[in-house]
Amino acid sequence: MLQIKNLHASVEDKDILKGINLTVNAGEVHAIMGPNGAGKSTLASIIAGNENYEVSEGEILLEGEDISELAPEERAHKGVFLSFQYPVEIPGVSVTNFMKTAINESRKANGIEEMPANEMLKLIREKSELLEIDRKFLSRSLNEGFSGGEKKRNEIFQMAMLQPKLAILDETDSGLDIDALRIVANGVNKLKSKDNAVVVITHYQRLLDYIVPDFVHVLMDGKIVKSGGKELAYELEEKGYDWIKAELEV
Amino acid sequence: MAKYTEDDLKVELESKEYEYGFYTDIESETFPIGLNEDIVRAISKKKEEPQWMTDWRIEAFRAWQEMIEPNWANVNYEKPDFQAISYYSAPKKVDPNKTLDDVDPELLEMYKKLGISLDEQKKMNNIAMDIVVDSVSVATTFKKTLNEKGIIFCSISEAIKEHPELVKKYLGTVVPQKDNFYAALNSAVFSDGSFCYIPKGVKCPMELSTYFRINQAGTGQFERTLLIADEGSYVSYLEGCTAPSRDENQLHAAVVELIAMEDAEIKYSTVQNWYPGNKEGKGGVFNFVTKRGLCEKNAKISWTQVETGSAITWKYPSVILKGDNSIGEFYSIAVTNNFQQADTGTKMVHLGKNTKSTIISKGISAGKSQNSYRGLVQISARADNARNFSQCDSLLMGNNCGAHTFPYIESKNSSAIIEHEATTSKIGEDQVFYCNQRGIPTEKAIALIVNGFSKDVLNKLPMEFAVEAQKLLEISLEGSVG
Chain D
0 MLQIKNLHAS VEDKDILKGI NLTVNAGEVH AIMGPNGAGK STLASIIAGN ENYEVSEGEI
60 LLEGEDISEL APEERAHKGV FLSFQYPVEI PGVSVTNFMK TAINESRKAN GIEEMPANEM
120 LKLIREKSEL LEIDRKFLSR SLNEGFSGGE KKRNEIFQMA MLQPKLAILD ETDSGLDIDA
180 LRIVANGVNK LKSKDNAVVV ITHYQRLLDY IVPDFVHVLM DGKIVKSGGK ELAYELEEKG
240 YDWIKAELEV
Chain C
0 MAKYTEDDLK VELESKEYEY GFYTDIESET FPIGLNEDIV RAISKKKEEP QWMTDWRIEA
60 FRAWQEMIEP NWANVNYEKP DFQAISYYSA PKKVDPNKTL DDVDPELLEM YKKLGISLDE
120 QKKMNNIAMD IVVDSVSVAT TFKKTLNEKG IIFCSISEAI KEHPELVKKY LGTVVPQKDN
180 FYAALNSAVF SDGSFCYIPK GVKCPMELST YFRINQAGTG QFERTLLIAD EGSYVSYLEG
240 CTAPSRDENQ LHAAVVELIA MEDAEIKYST VQNWYPGNKE GKGGVFNFVT KRGLCEKNAK
300 ISWTQVETGS AITWKYPSVI LKGDNSIGEF YSIAVTNNFQ QADTGTKMVH LGKNTKSTII
360 SKGISAGKSQ NSYRGLVQIS ARADNARNFS QCDSLLMGNN CGAHTFPYIE SKNSSAIIEH
420 EATTSKIGED QVFYCNQRGI PTEKAIALIV NGFSKDVLNK LPMEFAVEAQ KLLEISLEGS
480 VG
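Residue numbers (numbering that gives the first Met the number 0), protein chains in the order written: chain D, 0 to 249; chain C, 0 to 481.
The following block contains the structure:
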């Protein structure tokens, strides 16, 4: 699904990613953990195509195709989805209108005609139930005046609507109380299939109790320094990141 | 694509006319440049006006001569030379040899984007139509329905001849001849425009001018509109057209007067899309308009405008709330791009008791443009319990444009409640990236954000107009974010 080869990236001449290698296969869930400032969110933004970062070296392959030169919307059309750590507000644009535009733009790019209104309504109903979202919420302006939890739940609702191949969840657990966390995680789990993949970026092991990863990677100072199974997350929770640093220095 | 300037247009028009042998014909129908009393008399004579009308024009002309062009607006331009303009030219005729192939492809492209029908496109470019059935039959049914209700809807020239008692009684009562420099000029030389009278208690059954809007193209640079809604009547009037208007006249000075008698309601919606000049700021129309309405007791006037065109816009649709319990509303979207400058807003003059006014202004600036809101809320001493709510929002795109707000409030009555809210925001890269990530390309993302920003005003437009206006906003801002 996703293959990242020797990815180097910087912002304003500051090196942030220093040679990332990562392979995510269809049907897998990967967790990327690491201390603040390690480059986790940068990696997510770069996969999504944020042009504020300079990619100096390396490749990003989606289903074998190099997407590193594509515009962010083109990557989206190919099935890349990013759940933002800080979703932005768009006043006056309802969640429904936004989703309708997004879905139809992707369909247009893929040569499919616009989704008929009844189909759209059915999809909205189904996915809002999945994420236990009140339908009234969908007529509100996108993210305007939403609580932290509402914003994150709305991100996963959008993911459910767009049905991406590769979903990257950037700190989706931050700002969520335990009930919201359960709902969001439940949503993600239901959307998981053998044909798609999920990359979860998080600080804490907490979310991984609900979305159980197949692989855990530790990102430190712009590199993946350790990879393992889900037990690695528990180890990090218990010991912090310092022991890895110590291990690396040895 | 090469940019099409007003000079090119002039050249094209001149050569085309010559090419088809219309040159001399047109020449004879156009007055020499310059303005004096003889010219004013000649205009009146050409239009076969009665003596009182000629006198009225002369009175206005004499007042205008004493007046000075205002310079308080937040716009910079080279003042027009009023002696270098020709003040009368006969309406353009259908050119039998012209086809759509002769029209600027850029213009046609824009018509396509706006979804303007072929017939309308032809009409706007003075091309003979093959399929006249539709528009003619529609127009006829339309006229018949209006006649049955006693509604008068015709050109102001026709009204001067057919309904002199109404014109004489109301013309200049809301915008007097000496009101301001441009209004005085318009009063002296107005070319044509619309007249509308809705009798007592009649609700006009259709949006006026929806079917006629295309016929309004070519009413000239000094348009005059007079709209009277008699007691208890209702009318919704649409002015302008979303299609781009390329006019060889640089100066446009229109006057619109609305009179809403007791319990009457007027909804006046405008889309203005005059040629804004090219990307370097060359050419473009100067639009200096005076629009004002008068409300008697319990009457209501709403102005809704979408302004995207013109190089310079100077326009303040206002309401005089004379009668008790009367209501004035102003909803505006003003878009400026490239080198456009707009100074627009409203005046709400509260004279009667329990009068209410609402102002919602949305300014969108892009490129190197300057966009100003200028508004006055005036509460007179006897206007007990007057209320005003104003909201002025500005949206900036890029770092080289400007948004300005000049709200004036004058209250002489302590029972007044006046609220003013203002915001300025910028389309953020993060907003655009967020949309991009969801598969929405940048142009579409900008349109979405701008539409969201303008929603409160777009909602006030009649349905079919709103859809076109929305598309127009998109087109006006195309390419404004790199």
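Don't be surprised by glycine CBs; every beta carbon is placed ideally from N, CA and C. Computed from a predicted structure; not experimentally measured.
Could you give the distance in angstroms between the alpha-carbon of residue i and the alpha-carbon of residue j?
i                 : j                 : result
Met-347 (chain C) : Asp-455 (chain C) : 19 Å
Thr-335 (chain C) : Tyr-274 (chain C) : 12 Å
Gln-390 (chain C) : Ala-245 (chain D) : 60 Å
Leu-165 (chain C) : Thr-172 (chain C) : 12 Å
His-403 (chain C) : Ala-380 (chain C) : 30 Å
Lys-46 (chain C)  : Lys-199 (chain C) : 30 Å
Lys-355 (chain C) : His-349 (chain C) : 8 Å
Gly-351 (chain C) : Ile-227 (chain C) : 20 Å
Glu-36 (chain C)  : Lys-290 (chain C) : 26 Å
Lys-470 (chain C) : Ile-19 (chain D)  : 44 Å
Ile-416 (chain C) : Ile-265 (chain C) : 25 Å
Leu-122 (chain D) : Gly-451 (chain C) : 23 Å
Phe-329 (chain C) : Ile-45 (chain D)  : 46 Å
Gly-78 (chain D)  : Glu-170 (chain D) : 20 Å
Phe-338 (chain C) : Ala-182 (chain C) : 26 Å
Lys-225 (chain D) : Ile-31 (chain D)  : 10 Å
Glu-26 (chain C)  : Tyr-87 (chain C)  : Unreliable placement is indicated for Glu-26 (chain C), whose pLDDT of 34 sits below 50; no coordinate value is reported for it.
Glu-222 (chain C) : Gly-401 (chain C) : 30 Å
For residue i, decide whether its Cβ has a neighbour in chain D, counting only Cβ atoms nearer than 7 Å.
i                 : result
Gly-20 (chain C)  : Low confidence applies here, because Gly-20 (chain C) scores a pLDDT of 24, under 50, leaving its location unreliable; read the following figure in that light. Cβ-Cβ to chain D under 7 Å: no for Gly-20 (chain C).
Arg-437 (chain C) : yes
Thr-209 (chain C) : With a pLDDT of 46 at Thr-209 (chain C), under the threshold of 50, the modelled position of that residue is not reliable, and the figure given next carries that caveat. Not an interface residue.
Ser-331 (chain C) : no
Gly-481 (chain C) : Any answer about Gly-481 (chain C) is weak, because its pLDDT of 49 lies below 50 and its placement is not dependable; what the coordinates show is given next. Not closer than 7 Å to any Cβ of chain D, the Cβ of Gly-481 (chain C) fails to qualify, so no.
Which residues in chain D have a C-beta closer than 7 Å to the C-beta of residue i? List them in chain order.
i                 : result
Gln-64 (chain C)  : Per Cβ cutoff of 7 Å: no residues; Gln-64 (chain C) is ~48 Å from chain D at best.
Lys-454 (chain C) : Gly-91
Gly-239 (chain C) : Neighbours of Gly-239 (chain C) on chain D: none; closest Cβ ~24 Å, over 7 Å.
Using the beta-carbon of each residue, which ones in chain D are nearer than 8 Å to residue i?
i                 : result
Pro-440 (chain C) : Ala-70, Glu-72, Glu-104
Lys-443 (chain C) : Thr-100, Glu-104
Between residue i and chain C, is any beta-carbon pair separated by less than 7 Å?
i                 : result
Asn-109 (chain D) : no
Ala-196 (chain D) : no
Thr-100 (chain D) : yes
His-76 (chain D)  : yes
Ala-47 (chain D)  : yes
Leu-81 (chain D)  : yes
What does the Cβ neighbour count give for residue i, buried or exposed, with the cut at 16 atoms within 10 Å?
i                 : result
Glu-68 (chain D)  : exposed
Tyr-267 (chain C) : buried
Tyr-236 (chain C) : buried
Ser-146 (chain D) : exposed
Ser-413 (chain C) : exposed
Ile-32 (chain C)  : exposed
Glu-238 (chain C) : buried
Ala-333 (chain C) : buried
Ala-196 (chain D) : buried
Pro-86 (chain D)  : buried
Lys-202 (chain C) : exposed
Tyr-372 (chain C) : buried
Hey, residue i and residue j: beta-carbon distance below 7 Å or not?
i                 : j                 : result
Asn-286 (chain C) : Thr-312 (chain C) : yes
Pro-34 (chain D)  : Tyr-233 (chain D) : no
Ile-378 (chain C) : Ser-410 (chain C) : yes
Glu-463 (chain C) : Ala-446 (chain C) : no
Pro-316 (chain C) : Thr-357 (chain C) : no
Asn-384 (chain C) : Val-376 (chain C) : no
Leu-1 (chain D)   : Leu-165 (chain D) : yes
Asp-191 (chain C) : Ile-155 (chain C) : yes
Gly-327 (chain C) : Ile-300 (chain C) : yes
Ile-485 (chain C) : Tyr-169 (chain C) : The first residue shown for chain C is 0 and the last is 481, placing residue 485 (chain C) beyond what the model contains.
Ser-475 (chain C) : Thr-307 (chain C) : yes
Using a Cβ cut-off of 8 Å, pull out every chain C residue sitting near residue i, in sequence order please.
i                 : result
Ile-89 (chain D)  : Gln-430, Tyr-433, Cys-434, Leu-447, Ile-448, Gly-451
Trp-162 (chain D) : One point to set straight first is that residue 162 (chain D) is Gln, not Trp, in the sequence displayed. What Gln-162 (chain D) touches in chain C: nothing, since even the nearest Cβ is about 12 Å away.
Show which residues of chain D have a CB atom less than 9 Å away from the CB atom of residue i.
i                 : result
Gly-397 (chain C) : What Gly-397 (chain C) touches in chain D: nothing, since even the nearest Cβ is about 16 Å away.
Gly-427 (chain C) : Val-87
Measuring only between beta-carbons, confirm whether residue i sits less than 7 Å from chain A.
i                 : result
Ile-408 (chain C) : The structure shown has no chain A; the protein chains it does contain are D and C.
Mind pulling the chain C residues with CB within less than 9 Å of residue i?
i                 : result
Gln-157 (chain D) : Arg-437
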